[in-house]
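> Sending over a structure as structure tokens; questions will come in a sec.
In structure tokens form, the structure reads like this:
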């Protein structure tokens, strides 16, 4: 990489750190022809200590030009309020992110206390100068990452003084990605440059149009406001085209967020679709099954942290079967001990299971404390990537994939296994199923266990995006019931459609009315909807449902 | 009215106890010296006054659930709305005595940089208007909600779930600052009611008596309703809704009427509750509160009215005891109560006792006895 | 409405179709009942008997077809309560009485009187109401049990109470669904007698499985099969009909 840097070639043999410092110093000297004097740095640093904004601004410019080895660190520190000075001695220090003090001149650890030091203050003018200086310093950096960042920085700051350097850098650049970034930076400057030719401007507009994001949009608008004739027309046409693309991406992004929210709703509701939708049992402790799953994840991770840290990336995979088993067994216990005595009395079932949910919440609160427990994300769940104009986080993506997987697996269990066949038989005609030799009690218990187990699995996924606290389940129970009822009781596909459409609707409402009001509006909508169609979107009709 | 009496033995005892409490408790609190064993300390008045409000809420809930089979999981919303209406009156009474000393705006509005009183607050400096709203706001909400729900024949658990969603939606709404009802913090720091200091002991004693009387009146109204032919139709709806329709009764109108009446009773309960506890905030809308009220009714015995009131007092007494002595165990106890009552005491305390006595009484009373319909289900 | 009667029948069904999820419960059912007539309707399970009752009483809306009452009243536009108020009473297959009310209160609730909520809340009992209740209880033989909860009655007693409730409604038309299901022979005979005496001043449609009972009633019979009428006439005539024998009697 450094080989492409003509003047820096001599320094290739030196260590990486030296390249950064010395090459930069040489290049900057050549660019301005101002030799770096050893004592100049003292004057510059003294300006920082003067505690006046114009002085600070001047100091920034000088520092960038000085080629001092500590310049980058000082400017970074200034931007993050970590640059300090001693009001009496006028010595300047910077702190690194960890809080260690360094001498600004030498870059060595400073043996002073931070107590008597004052922060170098910032205002908007200083910030502007700082951004520009940082851009200047990095544009010709041998480090490609720095150059890319510098190009982006120039693009954003539109600092006209950097124009010559951007041109120079562009001529030398060979990395296509960085080259594009410099082209865009140049276009950004040209679009608003007073003395740019019409051809240059048109070229700039084309480049910005190709970039096609919100920042390009801002520049085009600025260009359109100052230009006339063909340039203005080109800018306006680019704006119109960009508006459309941006709107499409924005809506797609909303759809993605909506699907993500919908998949969370679906995960929470899908177990309920079995216990309430298929079996007709009102289980108000359903949310607590989700909570049990989330706490199972917590325990698994605690164990891994303590004994097998290397397995952390597999913690969710380990937690899933355990959560299914624990929530499933809890569900079977609830069914056998309480619910089976209340079949045919839905309102009593509702009350009794509410009681169970209180007991489970308190049990977890007593066992694990009332506060949120920390459940970590495995490395493959962290981070995000860009897909066209979409920003997609891995965590959300995997949750959607996981939800689809759980949904399909459940369909498979219901449709293709003997247990699924028996379960459907029991729910359709209990007496007939019983007389054909199906043990209906057993099927009831297992079906309830299945629904609860799926809720437990949902808890594993939700532990990644929600606070793992004893109240976790409570926040999902109402939503889950509404999703199942909205989709049509006894219809898994209805639950799927209901969850996803509610998720998307929510995300489209949010920008207009805010998150809370959006949720209220959806609640009101569902309340009204249920009154219009009490049996949901995909209602089963006929005499069977009347009973 | 049919030949049944408005007050049976159970009702008469209930009425006597309430009237006695309304008269004797204030005397014991104000006139009896603190040293005397008959003195009632202020905190006991505040506590029992609160229980009486809960009891009125329970009677209101029993009217719809016990007699008409409508399990409302949103009655806490009507209670809270009545409470907010009263709270708004009390806020307006603070006047310029708030922290910001603004004569026209409550503190939280000054804090939010508002300049004008929102329309929803107009008129609340009048006590009469506030009382009207205590009845009207829950009543109108219940009417509008019931109008849609009962006409579309949403019944059973579905109705329960959407009533729960209703109170949940209100919870979220009242948390918002721009709703103009104090957001998260709700309404508090009340100074006086009708010129009387809300903190003063005589005011507290008067509020206690008023609560007892309101409970008695609420009970008598509910009793009169259930003893009328209207009440018989309600029970018919509870037991066989579709059969009742085929007899020519407009089930939705009956449900709507009783639901609205019940919501207004709940509103009154909330309005009496707020000056006694000194605060109303959105957490009163929490779905858990409404379900808790259901268990009071279940413990006392649904379809008995008196039982509902007794259940409310007993459960809340238990709650006060547990949260003081064994705070960790209260939710265990409450949860177990839900499970055990539904499994082993479906008729509740009063219902079960009544059943035992009824066997003996049936022979004695003869053909046209007054009979509280038993719960079938 | 009164002016232009579309038919002279008390009840008139024409081409009524009802389907549930693709299953056709009624496929073009037509039926006419003259005022004062008692009609028996028979047919195998799934023939559409109960669905027909549901259509007449407003519980189910037909997808197609006309349903008129008393010549000109379109029943498809009314709900259950309105139809009941017009004077159509229904007795369900499974006896449904108000179990936690007394026998007497069951009759009281059924008794012809204003049905509006306000009327029942504030209204006073009409004079002579007890005499009417007494008379009805005597007719159905439940006078001694008047103070008992209906939930405690035997199956046959519940059936009679329900018939008593129908009488109390004093409807122009009674729809009776399997009135003798689960009854002893003696109870069945009593019930037939009861229905015949009621038929003197009411129109009745009886749906029944029990052929002996239908024969006992001695009225015109309509045979339903797969949601349509396949035969109609006196019992001897329809039982000789080869189509009827094939689908129903011959089994």
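Protein chains in written order, with our numbering: chain F, 1 to 547; chain E, 1 to 377; chain B, 1 to 251.
For glycine and all other residues, C-beta sits at the position ideal for the given N, C-alpha and C.
Small disclaimer: the values here were computed from a predicted structure and weren't measured.
#1: Residue 20 of chain B by DSSP, collapsed to three states: which one?
#2: State the beta-bridge partners of residue 50 of chain E as determined by DSSP.
#3: So what does DSSP say about residue 38 of chain B, is it helix, strand or coil?
#4: Would you identify the three-state DSSP class for residue 116 of chain E, choosing helix, strand or coil?
#5: Three-state secondary structure (DSSP) at residue 262 of chain E?
#6: Per the contact definition of three or more C-beta pairs closer than 8 Å, is the stretch 336-347 of chain E in contact with the stretch 336-344 of chain F?
#7: I want to verify the contact list: residues of chain F whose CB lies under 7 Å from the CB of residue 342 of chain E, in sequence order.
#8: Does any residue of chain F bring its CB to less than 8 Å from the CB of residue 51 of chain E?
#9: Would you kindly report the start and end of the unbroken alpha helix (DSSP H) that includes residue 64 of chain B?
#10: Kindly give me the distance between the Cβ atoms of residue 289 of chain F and residue 157 of chain F, rounded to whole angstroms, as I take these residues to be in contact under 8 Å.
#11: Are the Cβ atoms of residue 63 of chain B and residue 107 of chain B separated by less than 8 Å?
#12: Report yes or no: do three or more beta-carbon pairs, one from the stretch 9-20 of chain E and one from the stretch 509-522 of chain F, lie closer than 8 Å?
#13: Tell me which same chain residues have a C-beta within less than 7 Å of the C-beta of residue 377 of chain E, skipping the five on either side of it?
#14: To which residues of the same chain is residue 548 of chain F closer than 6 Å at the C-beta, ignoring the five residues directly before and after it?
#15: Classify residue 328 of chain E: buried if its beta carbon has 16 or more other beta carbons within 10 angstroms, exposed otherwise.
#16: Whose Cβ in chain B lies nearer than 7 Å to the Cβ of residue 309 of chain E?
#17: Going by the beta-carbon positions, is the gap between residue 271 of chain F and residue 454 of chain F smaller than 8 Å?
#18: Report the residue ranges of all beta strand (DSSP E) runs contained in full by the stretch 83-146 of chain B; include only those spanning at least 3 residues, in chain order.
#19: Using 8 Å as the limit for Cβ to Cβ distance, is residue 239 of chain E near chain B?
#20: How about residue 351 of chain E: is its C-beta nearer than 8 Å to some C-beta of chain B?
#21: Residue 106 of chain F by DSSP, collapsed to three states: which one?
#22: Can you have a look at residue 164 of chain E and say buried or exposed, based on whether 16 or more other CB atoms are within 10 angstroms of its CB?
#23: Mind pulling the alpha helix (DSSP H) runs of 4 or more residues that sit fully within the stretch 267-328 of chain F?
#24: Mind checking which residues open and close the beta strand (DSSP E) that includes residue 377 of chain F?
#25: Taking the Cβ atom as the reference point for each residue, do residue 337 of chain E and residue 280 of chain F lie within a distance shorter than 8 Å?
#26: 8 Å is my cut-off, CB to CB: does residue 153 of chain B come that close to chain E?
#27: Closest by CA to residue 212 of chain E, which one among E:53, E:31, E:179 and E:93?
#28: Whose Cβ in chain E lies nearer than 7 Å to the Cβ of residue 101 of chain B?
#29: Determine, for residue 93 of chain E, whether the minimum Cβ-Cβ distance to residues of chain F falls below 8 Å.
#30: For residue 155 of chain B, count neighbouring Cβ atoms within 10 angstroms of its own Cβ and tell me buried if that reaches 16, exposed if not.
#31: Exposed or buried, residue 476 of chain F, counting other C-beta atoms within 10 Å across all chains shown (16 or more means buried)?
#32: To be precise: take each residue of the stretch 218-229 of chain E, compare its Cβ to all Cβ atoms of chain B, and keep it if any distance is under 8 Å. Which residues remain?
#33: Starting from the C-beta of residue 634 of chain F, find all residues in its chain whose C-beta is less than 7 Å away, skip the five residues before and the five after it, and write them out in chain order.
#34: Looking at the secondary structure, which residues open and close the alpha helix (DSSP H) in which residue 158 of chain E lies?
#35: Going along the stretch 167-183 of chain B in order, which residues come within less than 7 Å of chain E, judged by CB to CB distance?
#36: Can you check which of these residues, F:69, F:465, F:376 and F:145, is closest to residue 301 of chain F by C-alpha distance?
Considering the structure as presented:
#1: Translated into the one-based positions of the third chain, residue 20 of chain B becomes position 20. Residue 20 of chain B falls in the strand class under three-state DSSP.
#2: The count along the second chain starts at 1 and reaches residue 50 of chain E at position 50. According to DSSP, residue 50 of chain E bridges with nothing at all.
#3: On the third chain, residue 38 of chain B is found 38 positions in, with the first residue counted as 1. In this structure, residue 38 of chain B counts as strand in the three-state DSSP scheme.
#4: By one-based count along the second chain, residue 116 of chain E stands at place 116. The answer is coil: DSSP assigns residue 116 of chain E none of H, G, I, E or B.
#5: Position 262 of the second chain, counted from the start, is the residue given in the question as residue 262 of chain E. The answer is helix: DSSP assigns residue 262 of chain E an H, G or I state.
#6: yes
#7: Residue 342 of chain E sits at position 342 when you count from the first residue of the second chain. Within 7 Å Cβ-Cβ: 342, 348, 351 and 352.
#8: By 1-based counting over the second chain, the position of residue 51 of chain E is 51. Not one chain F Cβ lies under 8 Å of residue 51 of chain E.
#9: Along the third chain, read from residue 1 onward, the residue named residue 64 of chain B stands at position 64. No alpha helix (DSSP H) holds residue 64 of chain B; the beta strand (DSSP E) holding it covers 64-69.
#10: Counted from its first residue, the first chain places residue 289 of chain F at position 289. Counted from its first residue, the first chain places residue 157 of chain F at position 157. That belief does not hold up - the Cβ atoms of residue 289 of chain F and residue 157 of chain F are roughly 53 Å apart, past 8 Å.
#11: By one-based count along the third chain, residue 63 of chain B stands at place 63. By one-based count along the third chain, residue 107 of chain B stands at place 107. Against a cut-off of 8 Å, the Cβ pair of residue 107 of chain B and residue 63 of chain B comes out as no contact.
#12: no
#13: As a first step, residue 377 of chain E is located in the second chain; it is residue number 377 there, counting from the start. Because residue 377 of chain E sits at a pLDDT of 35, beneath the cut-off of 50, its placement in the model cannot be relied upon, and the following sentence gives the value as read from the coordinates. Counting only Cβ-Cβ distances below 7 Å, and skipping sequence neighbours, we find nothing.
#14: Any property of residue 548 of chain F remains undetermined from this structure, which presents chain F solely from 1 to 547.
#15: Position 328 of the second chain, counted from the first residue, corresponds to residue 328 of chain E. Exposed is the call here.
#16: Your numbering for residue 309 of chain E matches position 309 in the second chain. Those do not exist, as residue 309 of chain E stays about 21 Å from chain B at its closest Cβ, beyond 7 Å.
#17: Sequence index remark: in the first chain, residue 271 of chain F carries index 271 (1-based). Sequence index remark: in the first chain, residue 454 of chain F carries index 454 (1-based). Contact: yes.
#18: As summarised for the stretch 83-146 of chain B, the continuous beta strand (DSSP E) elements at least 3 residues long and confined to that stretch are 88-91, given in chain order.
#19: Position 239 of the second chain, counting from 1, holds the residue named residue 239 of chain E. True, the Cβ-Cβ gap to chain B drops below 8 Å.
#20: For the purposes of this step, residue 351 of chain E is identified with residue 351 of the second chain, where counting begins at 1. Closer than 8 Å: no.
#21: Taking the first residue of the first chain as position 1, residue 106 of chain F is located at position 106. In the structure shown, residue 106 of chain F sits in coil (DSSP, three-state: anything other than H, G, I, E or B).
#22: Working through the second chain from its first residue, we reach residue 164 of chain E at position 164. Buried.
#23: Taken in chain order, the complete alpha helix (DSSP H) segments of 4 or more residues contained in the stretch 267-328 of chain F are 286-307.
#24: Locating residue 377 of chain F in the first chain gives position 377, counting from the first residue. For residue 377 of chain F, no beta strand (DSSP E) encloses it, and the DSSP letter there is neither H nor E.
#25: The residue you call residue 337 of chain E lines up with position 337 of the second chain. The residue you call residue 280 of chain F lines up with position 280 of the first chain. No Cβ-Cβ contact shorter than 8 Å links residue 337 of chain E with residue 280 of chain F.
#26: Within the third chain, residue 153 of chain B is the residue found at index 153, counting from 1. It does not: the Cβ of residue 153 of chain B has no partner Cβ on chain E nearer than 8 Å.
#27: Indexing the second chain from 1 puts residue 212 of chain E at position 212. Comparing Cα-Cα distances from residue 212 of chain E to each of E:53, E:31, E:179 and E:93, the minimum goes to E:53.
#28: Indexing the third chain from 1 puts residue 101 of chain B at position 101. Result: 232, 235, 236 and 373.
#29: The residue given as residue 93 of chain E occupies position 93 in the second chain. No, its Cβ sits nowhere closer than 8 Å to a Cβ of chain F.
#30: Counted from its first residue, the third chain places residue 155 of chain B at position 155. That one is exposed.
#31: Taking the first chain and counting its residues from 1, one reaches residue 476 of chain F at position 476. Residue 476 of chain F is buried by the Cβ-count criterion.
#32: 225, 228 and 229
#33: Here chain F covers residues 1 to 547 and nothing more, so residue 634 of chain F does not appear.
#34: Looking up residue 158 of chain E in the second chain gives position 158. In this chain, the alpha helix (DSSP H) harbouring residue 158 of chain E covers 156-175.
#35: 169
#36: The residue you call residue 301 of chain F lines up with position 301 of the first chain. Per the Cα distances, F:376.
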